[in-house]
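Visitor:
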Amino acid sequence: MPVVEQLLGLAGVGKERLQLCWVSAAEGQLFADYVTKLSDLIGQLGPFQPDDFKLELAAVETVLKSTRIRWLMGMDRQITEQENVYHEKMDSEAYQAIVRQAVAEEYEKGMIFQALADGPQSVREIAGKIGLPVYTVSLRLNDLERAGQAEFHEFEGTTAKFVRMAA
Amino acid sequence: MQETYEPKILAFLCNWCAYAGADLAGVSRFQYPPTIRIIRTMCSGRVDPVYVVEGLKNGYDGIFVFG
C-alpha cells in the first residue's frame, strides 16, 4: 500500500485516487459513509485523464511487476519481525527507507524503459522526454543494460542510441 | 441544466467483510452515491497493485479497496 501510494505520487496521479478502508460485514452504515465521503473527495479531484499519464502508468506497472519490488514487498514481515538467513533482524523504519529508495530508482528505470518503447533513442532524448537529469538517465540506463532490459543499438554520428529489450 | 460531474470509481470488496457490509447497506436502505462499480474478490489481500494501475489506465477516477 505505501509502495503504490508513493508510486502514484511520483507519477503525478496523486495518491488520493487510491483508498483503502476496513469495513466489517456488520457495518453497513460505515460502508455507506465511506463511499459518500470518498466519492466527494474524488469528485473534488476531478476527472482523471488516463491518456495524459500513459507513460507514467506504464512505468508504474513495470515497477510493480519488477522482481526487486516484488521481493521487497513480500519479505517485509519476514525481515522486520523475524530475521533473515544470516539471523539479522532489521528495524522497520530502516526497511521502509530501503523500500522507498528502491521504488524511486525502479520508477526512474520504469520511465526509461517505457520511453524506449518508441524506438532507438539517445540518453539526451530520453532525458528530455521524461524530465530527468541526463546523468540520472545514464545511471539507470546502465542498470537496465545490466539487467538485460536495454541495449546499445548503434551510433548516429557520435551519439549512442539505445533500444529496449523484451521484458 | 447544470451538469454535475460524477466520478467513476472502481471498488474492490472483500467477499467476507465489505461485500457483506455493502449488502447490509443495501438491505437497510442506507443512501450512498451511485459512483462505485463493485468487483467482489475472495479476499481484499488478493487485490494486486497491478489491478489498481489497470483500473486507472481504463479511465476510472479513483480506486477503493474495502476489506
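First to last, the protein sequences are chains A and B.
Under our numbering, the letters of the first sequence match residues 5 to 171, in that order.
Under our numbering, the letters of the second sequence match residues 141 to 207, in that order.
Think of the CB as a built atom: it goes at the ideal place given N, C-alpha and C, for glycine as much as any other residue.
1) How would you write the range of the alpha helix (DSSP H) that Val205/B sits in, first residue to last?
2) In chain order, what residues of the same chain lie with their CB nearer than 7 Å to the CB of Gln10/A, ignoring the 5 residues before and after it?
3) Answer with buried or exposed for Phe204/B, where buried requires no fewer than 16 other C-beta atoms within 10 angstroms of its C-beta.
4) At 4 residues or longer, and completely inside the stretch 165-198 of chain B: list those alpha helix (DSSP H) runs for me, N to C.
5) Are the C-beta of Pro54/A and some C-beta of chain B separated by less than 7 Å?
6) Using a 10 Å radius around the Cβ and a threshold of 16 neighbouring Cβ atoms, would you call Val89/A buried or exposed?
7) Classify Phe117/A as helix, strand or coil using the three-state DSSP reduction.
8) Beta-carbon separation of Gln118/A and Ala164/A under 7 Å?
9) By Cβ distance below 8 Å, which residues in the same chain neighbour Phe159/A in space, the five residues on each side in sequence not counted?
10) What span of residues does the beta strand (DSSP E) with Phe52/A cover, start to end?
11) Which chain A residues are close to Cys157/B, counting only those with a beta carbon under 7 Å from its beta carbon?
12) Residues of chain B with CB closer than 8 Å to the CB of Lys69/A, please, in chain order.
13) Quick check: is the beta carbon of Glu65/A nearer than 7 Å to any beta carbon in chain B?
14) Pull up the distance between the alpha-carbon of Ser142/A and that of Val127/A, whole angstroms please.
15) Is the stretch 144-161 of chain B close to the stretch 187-204 of chain B, with three or more CB pairs under 8 Å?
16) Report the rounded CA-to-CA distance for Ile134/A versus Ser70/A, giving the unit in angstroms.
Guide: By the coordinates alone:
1) Translated into positions along the second sequence, residue 205/B becomes position 65. Segment Gly202 to Phe206 is the beta strand (DSSP E) holding Val205/B; no alpha helix (DSSP H) there.
2) What you label residue 10/A is simply residue 6 of the first sequence in a count that begins at 1. Cβ neighbours of Gln10/A beyond the five flanking positions: Arg104 and Val107.
3) Position 64 of the second sequence holds residue 204/B. Classification of Phe204/B: buried, given that the 10 Å Cβ count is 16 or more.
4) Positions of the alpha helix (DSSP H) runs, each at least 4 residues long and wholly inside the stretch 165-198 of chain B, are given as 189-197 in order along the chain.
5) Residue numbering aside, residue 54/A sits at position 50 when the first sequence is read from its first letter. For Pro54/A, the answer is yes, since a Cβ of chain B falls inside 7 Å of its Cβ.
6) On the first sequence, residue 89/A is found 85 positions in, with the first residue counted as 1. Exposed, since its Cβ has fewer than 16 Cβ neighbours within 10 Å.
7) Along the first sequence, one-based indexing puts residue 117/A at 113. Reduced to three states, the DSSP call for Phe117/A is helix.
8) Within the first sequence, the letter at position 114 stands for residue 118/A. Within the first sequence, the letter at position 160 stands for residue 164/A. With contacts defined by Cβ atoms closer than 7 Å, Gln118/A and Ala164/A do not form a contacting pair.
9) Indexing the first sequence from 1 puts residue 159/A at position 155. The answer, listed in chain order, is Lys165.
10) Here residue 52/A corresponds to residue number 48 of the first sequence, with the count starting at 1. For Phe52/A, no beta strand (DSSP E) run applies, since DSSP gives it neither H nor E.
11) Start at 1 with the first residue of the second sequence, and residue 157/B comes out as number 17. Those are Val27, Ser28 and Ala29, listed as they occur along chain A.
12) As a first step, residue 69/A must be located in the first sequence, where it is residue number 65. Going along chain B in sequence order, the residues near Lys69/A (Cβ under 8 Å) are Val190.
13) Sequence index remark: in the first sequence, residue 65/A carries index 61 (1-based). Judged by the 7 Å Cβ criterion, Glu65/A is in contact with chain B.
14) Locating residue 142/A in the first sequence gives position 138, where the first residue counts as 1. Locating residue 127/A in the first sequence gives position 123, where the first residue counts as 1. One Cα belongs to Ser142/A, the other to Val127/A, and the distance between them is close to 6 Å.
15) The answer is yes - the stretch 187-204 of chain B touches the stretch 144-161 of chain B, with three or more Cβ pairs under 8 Å.
16) Mapped onto the first sequence, residue 134/A falls at position 130. Mapped onto the first sequence, residue 70/A falls at position 66. Annotation: Ile134/A to Ser70/A spans about 20 Å, alpha carbon to alpha carbon.
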